[in-house]
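J.: The sequence shown begins at 0 in numbering that gives the first Met the number 0 and counts up by one. Positions of the beta carbon are idealized from the N, C-alpha and C atoms, including for glycine. Predicted model only: the values in this text are computed from it and were never measured. Below: one structure in structure tokens.
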Amino acid sequence: MVPGRPVESVVIRGDPIYPELLDAIQKIGQSSTPVRELKLYSTGLNLGTSREWSTPRGFLLELTTALPRLKRLKVMLRNEGEKDLVDNLTETIHYFISHLKELRYFVIRTDLKSFPVYTTFLDEMEEIQLCQRWRNSCSSLNEVEYLSGRRWKLVGNKWAKSWSRAEFEMNTPERPWTKDLKPPRAASAPL
0 MVPGRPVESV VIRGDPIYPE LLDAIQKIGQ SSTPVRELKL YSTGLNLGTS REWSTPRGFL
60 LELTTALPRL KRLKVMLRNE GEKDLVDNLT ETIHYFISHL KELRYFVIRT DLKSFPVYTT
120 FLDEMEEIQL CQRWRNSCSS LNEVEYLSGR RWKLVGNKWA KSWSRAEFEM NTPERPWTKD
180 LKPPRAASAP L
């Protein structure tokens, strides 16, 4: 990453530990254009919600200082499952989200393919209330995908369920005839 280059979208994958991850994000924040999208896919990122090694609680607040103009933020966490840890996570999010004034789309997930029985202990109504609470802190927020994999979209002034890709794939039966289909062969262009 070279400070001063125009970067609008960033994906960070792997298992960075906290100081190196924050250092990378601060360098990204020196882009000559505002960074509008950040995707954090890190098995080492648990935002202080795990009893094991954790990223300091203030990490997301530091992220908002380095990248204040984000419109899309997607965070993939290591799997969590205890109710008190999920409650702590939602409080952490509520605290930092008010600093991202332009945030429109927020995804917070765990790896549901590896952990399909993961539960957030929240039903749909509680997730809607959580979306509204976050929207009260960040008025531009209009789409949220929560740990359960459910996606919520603001329609008018109400939160409505929207299909996420994961839910679509889980609810779409496999059609036997699709296994036989092969993509069309590319034709060579005439010389």
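Given a threshold of 16 other Cβ atoms within 10 Å of its Cβ, counted over all protein chains shown, does Arg12 qualify as buried or as exposed?
T.: Per the 10 Å Cβ criterion, exposed.
J.: Skipping 5 residues on each side, what residues in its chain have a beta carbon closer than 7 Å to that of Arg4?
T.: Cβ neighbours of Arg4 beyond the five flanking positions: Ser30 and Ser31.
J.: Looking at the unbroken alpha helix (DSSP H) that takes in Phe58, where does it start and where does it end?
T.: It spans Phe58 to Ala65 - the alpha helix (DSSP H) in which Phe58 sits, taken as one unbroken run.
J.: From the DSSP output, in three-state form, read off Thr32 for me.
T.: In this structure, Thr32 counts as coil in the three-state DSSP scheme.
J.: Considering only DSSP beta bridges, list what Ile107 is partnered with.
T.: Answer is Val74.
J.: Run through DSSP, which three-state label would Lys100 get?
T.: Three-state DSSP puts Lys100 in coil, outside helix and strand.
J.: Within the continuous alpha helix (DSSP H) that includes Trp162, where are the two ends?
T.: Neither: Trp162 is in no alpha helix (DSSP H) and is coded neither H nor E.
J.: Are the beta-carbon atoms belonging to Gly28 and Leu66 less than 8 Å from one another?
T.: Yes, they are a contact pair.
J.: Which residues share a DSSP beta bridge with Gly11?
T.: The sequence given here places Ile at residue 11; Gly does not occur at that position. According to DSSP, which records beta bridges pairwise, Ile11 is partnered with Leu39.
J.: Can you find a CB in chain B that lies within less than 8 Å of the CB of Ser31?
T.: The structure shown contains no chain B; it is built from a single protein chain.
J.: Using a Cβ-Cβ cut-off of 6 Å (strictly less than) and excluding sequence neighbours within five positions of Phe167, which residues of its own chain qualify?
T.: Confidence at Phe167 is low in this model, with a pLDDT of 46, below 50, so its placement is unreliable and no value can be given for it.
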